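Residue numbers in the sequence shown follow the numbering used here, run continuously in steps of one, and reach 815 at the last position. Just so it is clear, CB atoms sit at the ideal spot from N, CA and C, and this is done for glycine as well. Treat the numbers as computed from the prediction; the structure is a model and nothing was measured. Written out below as C-alpha cells is the structure these notes cover.
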Amino acid sequence: MASRLKKQRLSMNMTQAQLAERANVSLSVLRKFEQSGKISLESFVKLTFVLGLSERMLKAFQPQEQKPSSLEEIINEQPGRSRKRASNPRKK
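In C-alpha cells, the structure reads:
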C-alpha cells in the first residue's frame, strides 16, 4: 500500500511535504509510512483522498462475491427450486 501511494504521489509531481500539508498529516507520519508501511487508518484515509485513490481503496475492502464450488451449490441457490429425484414406478 505504501509503495502504491508513493508511486501516485510521484506521478502527481508532489513532494512529501506538499502531500503532508494537503492531507493535514505530519511530514514525519508520511515519511514513516513510505518507509515502513505503518500508519493510522485516519491518516491513511486522508492521504488516499488527496491522492484521488479513496474510491479504489474502498473497493478493496468490499466483500468479494463468492462463487459456488460445485454444481449442487448452484442448483440449491436457485430460488424456488428444490432438487427432486425420480421415483421408481410402484409395483402392484
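Rounded separation between residue i and residue j - CA only
i           : j           : result
residue 744 : residue 777 : 18 angstroms
residue 732 : residue 772 : 12 angstroms
residue 788 : residue 795 : 18 angstroms
residue 782 : residue 811 : 52 angstroms
residue 818 : residue 793 : Any answer about residue 818 is impossible in this case: the structure gives the chain only from 724 up to 815.
residue 752 : residue 779 : 22 angstroms
residue 736 : residue 799 : 53 angstroms
residue 750 : residue 790 : 43 angstroms
residue 775 : residue 734 : 12 angstroms
Local conformation of residue i per DSSP, three classes
i           : result
residue 780 : helix
residue 751 : helix
residue 774 : coil
residue 811 : coil
residue 799 : helix
residue 788 : coil
Beta-carbon proximity of residue i to residue j, cut-off 7 angstroms
i           : j           : result
residue 746 : residue 770 : yes
residue 725 : residue 757 : yes
Any C-beta of chain C under 7 angstroms from that of residue i
i           : result
residue 743 : Among the protein chains of the structure shown there is no chain C, as only one such chain exists.
Candidates the options: closest to residue i by CA position
i           : options               : result
residue 767 : 734, 788, 796 and 742 : 742
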